[in-house]
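**Q**
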Amino acid sequence: MKIDEKAETTDARKRKVKNFWIFTGILLVMTLLFALGGNSTFRNLFGIVAFLAIVNFYLLRPASFYFQNTFLPILENAYDKFIRFALRGRNPMFFFIGTIGLFIGAFMLLGAFMPKVIFFPTVPPQYINVFVEMPFGTDIEQTNELTKEIEEKVTKTVEPYKVAVDAILTQIGEGTGDPGQPSGDGGSTPNKARVTVSFVQPEYRQGVNTMDVLEAVRRDLEGYAGVSIVVDKNADGPPTGKPVNIELQGEDVNRLSELSTDIIKYINSKKINGIEELQADVKLAKPQLLVEVDREAARRYGVSTRDIGMALRSSIYGSEVTDLKIGDDEYPIFIRLSEKYRHNIDALMNQPITFRNPGNGQIAQVPISAVAKIQYSTTYTSIKRKDTERAITVFSNVTADANPNEVVSEIKLAMEDYQMPEGYSYKFTGEQEETSRPMWLPIANVLVY
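Residues 92 to 540 (this note's numbering) make up the sequence shown, in order.
1. Buried or exposed for Ser545, going by 16 or more other Cβ atoms inside 10 Å?
2. Tell me the rounded alpha-carbon separation between Gln466 and Leu380.
3. Comparing the CB of Leu381 with every heavy atom of the ligand MG, is any distance shorter than 7 Å?
4. Does the Cβ-Cβ distance between Asp323 and Asn488 come in under 8 Å?
5. According to the neighbour-count rule (16 or more other Cβ atoms, all chains shown, within 10 Å of its Cβ), is Tyr517 buried or exposed?
6. Could you check what DSSP says for Ala402 in three-state terms: helix, strand or coil?
7. Please list the terminal residues of the continuous beta strand (DSSP E) segment that includes Tyr157.
8. What are the start and end residues of each continuous alpha helix (DSSP H) run of 4 or more residues lying completely inside the region 384-452, in chain order?
9. Give me the Cα-Cα distance between Leu151 and Thr161, rounded to the nearest whole angstrom.
10. May I ask you to report which of helix, strand or coil DSSP gives Gly128?
11. Apply the 10 Å Cβ neighbour rule to Gly365 and answer buried if 16 or more other Cβ atoms are within range, or exposed otherwise.
12. Quick check on DSSP: helix, strand or coil for Tyr467?
13. Which stretch, first to last residue, makes up the beta strand (DSSP E) that contains Lys475?
14. Taking only beta-carbon positions, decide if Ile502 is within less than 8 Å of chain D.
15. So what does DSSP say about Lys247, is it helix, strand or coil?
16. Suppose only complete runs of 3+ residues qualify. What are the beta strand (DSSP E) ranges in the region 274-321, listed by chain order?
17. Let me know the secondary structure DSSP gives Tyr43 once reduced to three states.
18. Let me confirm a value: Glu294 is counted as buried when at least 16 other C-beta atoms fall within 10 Å, else exposed. Which label applies?
19. With distances taken between CB atoms, is the gap from Asn336 to Phe486 smaller than 8 Å?
20. Taking Cβ positions, are Gln340 and Glu513 nearer each other than 8 Å?
21. In the DSSP assignment, the alpha helix (DSSP H) including Glu501 goes from what residue to what residue?
22. Which residues bound the beta strand (DSSP E) around Tyr218?
23. Since Arg486 sits in a beta bridge, which residues does DSSP pair it with?
24. Between which two residues does the alpha helix (DSSP H) carrying Leu201 extend?
25. Return the chain-ordered list of same chain residues with a C-beta closer than 6 Å to the C-beta of Gly116, the five sequence neighbours on each side being excluded.
26. State the start and end residues of the unbroken alpha helix (DSSP H) segment that holds Ser57.
27. Compare the C-alpha of Val214 against each of Ile188, Asp303, Ile502, Thr445 and name the closest.
28. Quick one: any contact between the region 378-397 and the region 408-419, if contact means 3 or more CB pairs under 8 Å?
29. For Phe446 and Thr229, I'd like the C-alpha separation in whole angstroms.
30. Could you tell me the alpha carbon to alpha carbon distance between Lys333 and Val221, rounded to whole angstroms?
31. If you follow the beta strand (DSSP E) that Gln456 is in, where does it begin and where does it stop?
32. Whole angstroms are fine: how far does the CA of Ala482 sit from the CA of Thr520?
33. Look at the Cβ atom of Arg285, then the Cβ atom of Thr301, and state whether they are nearer than 8 Å.
34. What is the C-beta distance between Ala402 and Ile444, in whole angstroms, given that I count them as a contact (C-beta under 8 Å)?
35. Using CA atoms only, rank isn't needed, just tell me which of Leu124, Pro378, Lys244, Ser406 is closest to Arg310.
36. Given a cut-off of 8 Å, decide if Glu501 and Ile363 are closer than it, judged by their beta-carbon atoms.
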């Protein structure tokens, strides 16, 4: 490597300046020629090289000489004096103790003035979802009516930001649950709906901040009694769970459900800012219709439980009886009750079961109500286990102006005064659990190696 040295004589300096301007002049002439020829690529290339050459010769090069010949010797002399002072007498012991004290003090200051740390950077959403959940047992038509009202309100809310809005989509029924929600209720969900507002790409939003749209929609959809409405943006990064995620563990599901409801009320009473809406992922109010077979009566008539189950299943869902072939295509033919009877419990229970009596071999009929009865009941949306214990999760999003770590810290402080019954415990999981894992990795490496 050749070290650039400052010219000592006047003739040498003049010669360097002359050579520099000859080289720079050639670059400027080439820039002008390509500009006149309409070749913007080479025009920009030669122009940038000429500009950087001038900056280097008249600014960077003199600065490097000043650093080498003036500033660096001053820095080296100061460092030499400091090292001599640190190694004199008992000074090494004082410096060693001071270094340890500084290390401990840094951790104490970090704990006293905790910085506002987030797990992932908050970026403007590409789309926002409005998750609507009505009570269990709500007919899909009622869900549709409320969703239309919410869709109209959302459309009105985003009207001032329409330059950034690409589309508004609405979905009702199956597949409308929050994918980030730790809930286990799958299958058909006629009581749920989702309204999605998608935005154009950031370069076409004309300065509109989609976080403002999210907060405007969240603010305008408040006040619906008996309906759970959650407004959330698209998830960034890998799935980590909700910012507020409290996992309750115990053996009795009923007691866990009572605890989750009580904890939600307790945290809400503390008026902690930043919590959107606390919910539990397991609910007890899911309705079900039990068909209880009178086995004694069924045995007396010669009807099996299979015959009863298949009769009800065929009435509601249908059973394939044949195939219709048109050309090379085959279409299965199903037979079931018409819609007005499928939704009528009395009609379902009074329908006759046709079977062959095993006693005399004759075809017989008996109504289902003679061998079975209906019982209304409720059940859990799901039963989850973690580490062999049943678990229910209380979760929530945080508002856009809140820091998740600060919100969770306030909840942890409030939960210290909450008395958990014996045999039941809680812990903070979700995003908080994922955040703590990288912090423990260096400590684990030190302990292992």
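For each residue, glycine too, the CB sits at the ideal point set by N, CA and C. What you are looking at is a predicted structure, and each value in this text was computed from that prediction instead of being measured.
**A** To lay it out plainly:
1. Residue 545 cannot be examined here, being either before or after the span of the chain that is shown, 92 to 540.
2. Within the sequence shown, the letter at position 375 stands for residue 466. Within the sequence shown, the letter at position 289 stands for residue 380. For Gln466 and Leu380, the distance between alpha carbons rounds to 6 Å.
3. By its list of ligands, the structure shown contains no ligand whatsoever, and the ligand MG lies outside what it can speak to.
4. Here the question's residue 323 lines up with position 232 in the sequence shown. Here the question's residue 488 lines up with position 397 in the sequence shown. Cβ atoms of Asp323 and Asn488: closer than 8 Å.
5. Reading the sequence shown from its first residue, position 426 is the one you call residue 517. So Tyr517 counts as buried.
6. Locating residue 402 in the sequence shown gives position 311, where the first residue counts as 1. Helix at Ala402.
7. Against the sequence shown, residue 157 aligns to sequence position 66. No beta strand (DSSP E) contains Tyr157, which is instead part of the alpha helix (DSSP H) from 152-157.
8. Listed in chain order, they are 386-392, 396-407, 430-433, 436-441.
9. Within the sequence shown, numbered from 1, the residue matching residue 151 stands at position 60. Within the sequence shown, numbered from 1, the residue matching residue 161 stands at position 70. Rounded to the nearest whole angstrom, the C-alpha separation of Leu151 and Thr161 is 15 Å.
10. Mapped onto the sequence shown, residue 128 falls at position 37. In the structure shown, Gly128 sits in a helix (DSSP, three-state: H, G or I).
11. To locate residue 365, count along the sequence shown from 1; it is residue 274. So Gly365 counts as buried.
12. Reading the sequence shown from its first residue, position 376 is the one you call residue 467. Reduced to three states, the DSSP call for Tyr467 is strand.
13. As a first step, residue 475 must be located in the sequence shown, where it is residue number 384. Note, Lys475: beta strand (DSSP E), 475-477.
14. Of the chains in the structure shown, none is chain D; there is only one protein chain.
15. Here residue 247 refers to the residue found at position 156 when the sequence shown is read from its first residue. Residue state, collapsed to three classes: helix.
16. The beta strand (DSSP E) runs lying completely inside the region 274-321 and spanning 3 residues or more are 283-290, given in chain order.
17. Here the chain has residues from 92 to 540 only, and residue 43 is not among them.
18. Start at 1 with the first residue of the sequence shown, and residue 294 comes out as number 203. Exposed is the call here.
19. Within the sequence shown, numbered from 1, the residue matching residue 336 stands at position 245. Within the sequence shown, numbered from 1, the residue matching residue 486 stands at position 395. It is a contact, given that the beta carbons lie within the stated cut-off.
20. Here residue 340 refers to the residue found at position 249 when the sequence shown is read from its first residue. Here residue 513 refers to the residue found at position 422 when the sequence shown is read from its first residue. Not closer than 8 Å, so no.
21. Position 410 of the sequence shown, counting from 1, holds the residue named residue 501. Segment 495-506, the alpha helix (DSSP H) holding Glu501.
22. For this step, residue 218 is matched to residue 127 along the sequence shown. Counting along the chain, the beta strand (DSSP E) containing Tyr218 begins and ends at 218-224.
23. Mapped onto the sequence shown, residue 486 falls at position 395. The question names Arg, but residue 486 in the sequence shown is Phe. Note: Phe486 sits in a beta bridge opposite Asn336, Gln370.
24. Your numbering for residue 201 matches position 110 in the sequence shown. From DSSP, the alpha helix (DSSP H) with Leu201 extends over 182-203.
25. Numbered from 1 along the sequence shown, position 25 holds the residue referred to as residue 116. Excluding positions up to five away in sequence, the list is empty.
26. The requested residue 57 is not part of the displayed model; the chain covers only 92 to 540.
27. Sequence index remark: in the sequence shown, residue 214 carries index 123 (1-based). Cα-wise, what sits closest to Val214 is Asp303.
28. No, because fewer than three Cβ pairs between the region 378-397 and the region 408-419 fall closer than 8 Å, the two stretches do not touch.
29. Here residue 446 is taken as the residue at index 355 of the sequence shown, counted from 1. Here residue 229 is taken as the residue at index 138 of the sequence shown, counted from 1. Each residue's Cα considered, the two are about 36 Å apart.
30. Taking the sequence shown and counting its residues from 1, one reaches residue 333 at position 242. Taking the sequence shown and counting its residues from 1, one reaches residue 221 at position 130. Computed Cα separation, rounded: 16 Å.
31. If you number the sequence shown from 1, residue 456 lands on position 365. For Gln456, the enclosing beta strand (DSSP E) covers residues 454-458.
32. Numbered from 1 along the sequence shown, position 429 holds the residue referred to as residue 520. Numbered from 1 along the sequence shown, position 391 holds the residue referred to as residue 482. About 12 Å.
33. Indexing the sequence shown from 1 puts residue 285 at position 194. Indexing the sequence shown from 1 puts residue 301 at position 210. No, these two residues do not count as a Cβ contact at 8 Å.
34. The sequence position of residue 402 within the sequence shown is 311, counting from 1. The sequence position of residue 444 within the sequence shown is 353, counting from 1. Approximately 5 Å separates the beta-carbon atoms of Ala402 and Ile444; this is inside 8 Å, confirming the contact.
35. Here the question's residue 310 lines up with position 219 in the sequence shown. The shortest Cα separation from Arg310 among Leu124, Pro378, Lys244, Ser406 belongs to Lys244.
36. As a first step, residue 363 must be located in the sequence shown, where it is residue number 272. As a first step, residue 501 must be located in the sequence shown, where it is residue number 410. In contact: Ile363 and Glu501 (Cβ atoms closer than 8 Å).
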